[in-house]
Amino acid sequence: MLGIERRQRIVDKIKQDKKVYVSELSRLFKVTEETIRRDLEKLENENLLRRSYGGAILNEQQTSEDISFMKRSTINSESKEAIAQKAQELINDGDTIMVDSSTTCLTLLHHLKERRNITIITNSIRLAYDFSASPFRIISTGGTLRANSMALTGTATCNALQRYYADVVLISCKGLDSKRGVMESNEEESAVKQVMLAQAKKSLLLVDQSKFDKTAFVQTCSLADIDTIVTNTAPEKHWQKALTQAQVELIC
Numbered sequence: 005m006l007g008i009e010r011r012q013r014i015v016d017k018i019k020q021d022k023k024v025y026v027s028e029l030s031r032l033f034k035v036t037e038e039t040i041r042r043d044l045e046k047l048e049n050e051n052l053l054r055r056s057y058g059g060a061i062l063n064e065q066q067t068s069e070d071i072s073f074m075k076r077s078t079i080n081s082e083s084k085e086a087i088a089q090k091a092q093e094l095i096n097d098g099d100t101i102m103v104d105s106s107t108t109c110l111t112l113l114h115h116l117k118e119r120r121n122i123t124i125i126t127n128s129i130r131l132a133y134d135f136s137a138s139p140f141r142i143i144s145t146g147g148t149l150r151a152n153s154m155a156l157t158g159t160a161t162c163n164a165l166q167r168y169y170a171d172v173v174l175i176s177c178k179g180l181d182s183k184r185g186v187m188e189s190n191e192e193e194s195a196v197k198q199v200m201l202a203q204a205k206k207s208l209l210l211v212d213q214s215k216f217d218k219t220a221f222v223q224t225c226s227l228a229d230i231d232t233i234v235t236n237t238a239p240e241k242h243w244q245k246a247l248t249q250a251q252v253e254l255i256c
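With the numbering used here, letter number 132 in the sequence shown gets 136, and the count goes up by one each step, no holes.
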């Protein structure tokens, strides 16, 4: 089979399955894994897929695309639940927590209802609504509403956050690049996350496997600004090396 034919079949498969694995493709086409990696690299250069650890995923999104909250809440739900199960052990009774508008962080909060004396400071109107009857003490920042993400942003939001100090900040992101760091699809929410990171003693980044090796519109912070990354699957070795160099704890 010619390389161009093999790559077309890879494209067909990834459009159908949304994700492919190097080992599986190697067996399917009876070529080495290194050959498959070169194929995936060529297809990524053509913007047809995004390489991920162990394989690749369909390139359905642009770096600046803002996915609605409702759509995000249906994506990778099993991965978010796995992340929440691991991250809940990092939250203690009495903690004050700053939380962004991500669906992954929202999933984690459902696991913390038994914690006592938890204070949540958030720019997420969905979070404030969903947990209005919970035992949490909730402080909403105010600000300008971005309806697509149900997030409050802008100067008023950042000024409100700067009044408080937190034990932990919980954030997610649009993309995670080993050199560029934590990335977001829009400047407004990226700015809010930067303030949250500055106001907290400890930072937890909650990301599923689809966020690794993915760039987005704007950099939020470097890897070294994050204390702990919680994910659902162990990343490739180059990630483990990058996180060790940046002194980031990895929980997977």
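C-beta atoms are modelled at their ideal positions from N, C-alpha and C, and glycine is treated no differently.
Close beta carbons around residue i, own chain, < 6 Å, minus the five adjacent residues each side
i, result
"PHE140", "ILE122, ILE124"
"LEU112", "ALA88, ALA91"
"SER144", "ALA132"
"THR100", "THR123, ALA170, ASP171"
"LEU29", "ILE40"
"PRO239", "TYR57, PHE216"
"VAL24", "LYS17, ILE18, GLY59, ALA60"
"MET74", "Residue placement at MET74 cannot be trusted, given a pLDDT of 48 that sits under 50; the coordinates are not used to answer."
Cβ-based neighbour list, residue i, same chain, cut-off 8 Å, excluding 5 preceding and 5 following
i, result
"HIS242", "SER182"
"LYS19", "LEU62"
"GLN66", "At GLN66, the pLDDT of 47 sits below 50, so the modelled position is not reliable; the number obtained from the coordinates is stated separately. Contacts found: none."
"PHE135", "LEU113, ILE124, ILE142"
"SER72", "Since pLDDT at SER72 reaches only 47, below the 50 mark, its modelled position is unreliable, and the value read off the structure follows with that caveat. For SER72, where only same-chain residues beyond five positions count, the Cβ hits under 8 Å are ASN152, SER153."
The alpha helix (DSSP H) enclosing residue i, as first and last residue numbers
i, result
"SER30", "26–33"
"GLY146", "First-last for GLY146: undefined, no H or E at that position."
"ARG42", "37–49"
"LYS245", "241–249"
"LEU113", "107–113"
Candidates the options: closest to residue i by CA position
i, options, result
"ARG184", "ARG10, ALA164, LEU47, ALA220", "ALA220"
"ALA155", "GLY179, GLU191, ARG167", "GLU191"
"LYS117", "ASP104, ASN96, THR108", "ASN96"
"ASN163", "LYS205, MET5, THR126", "THR126"
"LEU6", "GLN20, LYS23, ARG119, LYS34", "LYS34"
"THR248", "CYS256, VAL234, ALA228", "ALA228"
"LYS206", "GLY179, ILE175, GLU45", "ILE175"
"GLU93", "MET200, GLU193, HIS115, LYS22", "HIS115"
"ARG130", "THR108, ARG120, THR159", "THR108"
"LEU110", "LEU180, SER128, GLY98", "SER128"
"ARG150", "ARG167, ASP104, CYS256, SER138", "ASP104"
CB of residue i within 9 Å of CB of residue j, strictly
i, j, result
"SER27", "GLY58", "yes"
"VAL234", "LEU210", "yes"
"LEU208", "THR232", "yes"
"GLU45", "ARG55", "yes"
"LEU165", "MET102", "yes"
"SER194", "VAL173", "no"
"LYS218", "LEU254", "no"
Neighbourhood of residue i by C-beta distance below 7 Å, restricted to the same chain and skipping five residues each side
i, result
"ARG41", "VAL26"
"LEU201", "VAL173, SER207, CYS225, ASP229"
"LYS178", "MET187, GLU188, SER189, ALA220"
"ASP85", "Checking the sequence, you will find Glu at residue 85 rather than Asp. Counting only Cβ-Cβ distances below 7 Å, and skipping sequence neighbours, we find THR111."
"ARG119", "ILE95, ASP97"
"THR36", "SER30"
Sheet register partners of residue i (DSSP bridge)
i, result
"MET187", "GLY179, GLN223"
"ILE102", "Per the sequence shown, residue 102 should be read as Met rather than Ile. DSSP output for MET102 lists ILE125, VAL173 as bridge partner(s)."
"ARG141", "THR123"
"SER1", "Outside the displayed span of the chain (5 to 256) sits residue 1, for which this structure offers no information."
"GLU93", "Paired residue(s): none; GLU93 is not in a bridge."
"GLY59", "TYR25, SER56"
"VAL234", "LEU210, ILE255"
"PHE216", "LEU180"
Min CB distance residue i to chain C below 9 Å
i, result
"GLN20", "Absent here is chain C; the protein component of the structure consists of one chain."
Boundaries of the beta strand (DSSP E) in which residue i is found, first to last residue
i, result
"ALA155", "155–157"
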